[in-house]
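First comes the structure, then the notes that go with it.
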Amino acid sequence: MSGEGANIPERLKGIEAAPGSPLACLIEEGYCIIRGAVPADDILGMARRLDERFEQTPFSVGPFHGHRTKRFHRLLARSPDSAALVMHPEVLGIARTILGRWCDFPELNLTQGVEVHPGAPAQIPHCDQAMWPAPKGLMEMSVNIMWPLGRFTAENGATRVWPRTHFKPQTADDVLAEPVVCEMEPGDVLLVLGSTVHAAGANRTAVPRRAAIVSYCLGWLKAYENQSLAYSPEFVRTLEPELQALLGYRWHRPNLGTYDGQCPSILLAAEVPDALATVDSLSPFHEPLVAAFAERAMAEVAAS
Ligand SMILES: O=C(O)CCC(=O)C(=O)O
Ligand SMILES: [Fe+2]
2 MSGEGANIPE RLKGIEAAPG SPLACLIEEG YCIIRGAVPA DDILGMARRL DERFEQTPFS
62 VGPFHGHRTK RFHRLLARSP DSAALVMHPE VLGIARTILG RWCDFPELNL TQGVEVHPGA
122 PAQIPHCDQA MWPAPKGLME MSVNIMWPLG RFTAENGATR VWPRTHFKPQ TADDVLAEPV
182 VCEMEPGDVL LVLGSTVHAA GANRTAVPRR AAIVSYCLGW LKAYENQSLA YSPEFVRTLE
242 PELQALLGYR WHRPNLGTYD GQCPSILLAA EVPDALATVD SLSPFHEPLV AAFAERAMAE
302 VAAS
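Start counting the sequence shown at 2; every next residue gets the next number (the numbering used here).
Okay, here's the thing in structure tokens:
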């Protein structure tokens with residue numbers, strides 16, 4: 002078992018991870034690469050089927066998303082292949098292990114197709130969880146997954162990661178030492194903690210660098226992509242239950258993400274009642290407190 006010692010931030014101690022495993026590497030270094038996580042041909046087929054979508058997508062607006070970078074969202078609706086990436090057992094298992102420390106279960110933060118075009122400058126080094134205004138170091142708020150949809154090389158803008166920056170407080174100039182350039186083949190996957198500094202590199206080749214990004218976040222956070230608006234209930238009904246839950250069709254204790262006072266999965270039933278009771282969904286912290294108080298209050302009513 003790994004998960005102890007000075008090579009792990011305090012907040013991540015005690016997670017069971019076999020030494021040298023991707024999970025151990027993620028909590029020690031702040032990132033990890035799993036080689037050959039899916040067959041290369043699956044990824045290359047997916048990439049081909051997205052040619053038209055990338056073609057139609059305008060360049061991003063603003064220096065963070067990048068004037069020479071194309072991005073589109075709602076990947077599950079645009080690429081049926083992407084469900085296998087979002088639900089990849091090992092990757093999702095790792096995200097659940099990390100984020101499960103601070104929530105009942107994670108939700109999908111975003112899915113994105115990204116194409117870094119020739120001439121694109123390097124992206125600003127950043128922590129993804131800087132999007133939420135909470136101090137760094139308390140908890141991990143997201144885990145970001147990069148699935149290259151073609152080769153990632155130093156020349157074409159492979160993601161750059163600054164190892165062990167998940168130990169450091171966030172500063173305005175987060176660029177520290179030399180980054181690791183995550184060169185990868187289609188089928189490989191890069192996992193980066195929300196607290197680890199990383200960025201897309203500059204593309205100095207004549208060919209775009211393409212990837213699918215899947216990001217998971219704490220189940221009680223406001224996600225980057227509003228999943229309830231991104232996918233209609235009719236579309237979500239066609240997905241497997243675990244994927245439905247990742248899109249927010251499962252309430253999170255205590256009483257978060259409800260629909261008409263209940264678990265939002267009720268919306269996926271053939272018939273949705275118009276008049277519903279509001280139901281308690283309490284956290285393990287609140288439940289005994291509420292139960293004890295309710296018992297005393299009932300006794301007082303009975304005695305009066
Ligand atoms: O495209 C990449 O390599 C990284 C992109 C990224 O980190 C982001 O958009 O947040
Ligand atoms: Fe990022």
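Even for Gly, the Cβ is constructed at its ideal location relative to N, Cα and C.
Is Asp189 close to ligand 1? I mean its beta-carbon at under 7 Å from any heavy atom of the ligand. Here residue 189 is taken as the residue at index 188 of the sequence shown, counted from 1. No, the beta carbon of Asp189 sits no closer than 7 Å to any heavy atom of ligand 1.
At 3 residues or longer, what runs of the beta strand (DSSP E) sit wholly inside the stretch 56-98? List check, beta strand (DSSP E) in window: 70-73.
Just the Cα atoms here: how many angstroms apart are Leu283 and Arg211? The count along the sequence shown starts at 1 and reaches residue 283 at position 282. The count along the sequence shown starts at 1 and reaches residue 211 at position 210. For Leu283 and Arg211, the distance between alpha carbons rounds to 43 Å.
Assign Glu272 to one of two classes, buried (16 or more other C-beta atoms within 10 Å of its C-beta) or exposed (fewer than that). Locating residue 272 in the sequence shown gives position 271, where the first residue counts as 1. Under this definition Glu272 is an exposed residue.
Cutting at 7 Å between CB atoms, please list the residues of its own chain near Tyr260, excluding the five before and the five after it. For the purposes of this step, residue 260 is taken as the residue at position 259 of the sequence shown. Annotation for Tyr260: Ile267 and Leu268 place their beta carbon closer than 7 Å to its own, counting only its chain and skipping 5 residues before and after.
Straight-line CA distance for Arg12 to Ser305? Here residue 12 is taken as the residue at index 11 of the sequence shown, counted from 1. Here residue 305 is taken as the residue at index 304 of the sequence shown, counted from 1. One C-alpha to the other measures close to 49 Å.
Would you check if the stretch 182-196 and the stretch 65-80 touch, i.e. whether three or more CB-CB distances between them fall below 8 Å? no
Between His127, Pro149, Ser196 and Leu86, which lies nearest to Pro209 when the distance is taken from Cα to Cα? Along the sequence shown, one-based indexing puts residue 209 at 208. Measuring C-alpha to C-alpha distances from Pro209 to each of His127, Pro149, Ser196 and Leu86 identifies Pro149 as the nearest.
If Leu109 and Leu247 are in contact, beta carbons under 8 Å, what's the gap, nearest whole angstrom? On the sequence shown, position 108 is the one that residue 109 refers to. On the sequence shown, position 246 is the one that residue 247 refers to. Their Cβ separation, rounded to whole angstroms, is 5 Å, which keeps Leu109 and Leu247 in contact under 8 Å.
Are there 16 or more other CB atoms within 10 angstroms of the CB of Gln130, so buried, or fewer, so exposed? Residue numbering aside, residue 130 sits at position 129 when the sequence shown is read from its first letter. Buried, since its Cβ has 16 or more Cβ neighbours within 10 Å.
In the DSSP assignment, find the alpha helix (DSSP H) that holds Cys218 and state where it starts and stops. Against the sequence shown, residue 218 aligns to sequence position 217. Not the alpha helix (DSSP H): Cys218 falls in the beta strand (DSSP E), residues Arg210 to Cys218.
Where does Leu277 land, buried or exposed, given buried means 16+ other C-beta within 10 angstroms? Here the question's residue 277 lines up with position 276 in the sequence shown. Classification for Leu277: exposed.
Please determine if the stretch 45-54 and the stretch 222-236 are in contact, where contact requires at least 3 C-beta pairs separated by less than 8 Å. no
Simplified DSSP state of Ile28, which is helix, strand or coil: The residue given as residue 28 occupies position 27 in the sequence shown. Residue state, collapsed to three classes: helix.
Nonlocal neighbours in the same chain, by C-beta distance under 7 Å from Gly258, ignoring five residues either side: Walking along the sequence shown from the start, residue 258 turns up at place 257. Contacts found: Gly249, Trp252 and Pro265.
What's the C-alpha gap between Gln245 and Val302? Along the sequence shown, read from residue 1 onward, the residue named residue 245 stands at position 244. Along the sequence shown, read from residue 1 onward, the residue named residue 302 stands at position 301. Cα to Cα, the separation comes out at about 43 Å.
So who's on the other strand from Arg251, going by DSSP bridges? In the sequence shown, residue 251 corresponds to position 250, counting from 1. Answer is none; Arg251 lacks a bridge partner.
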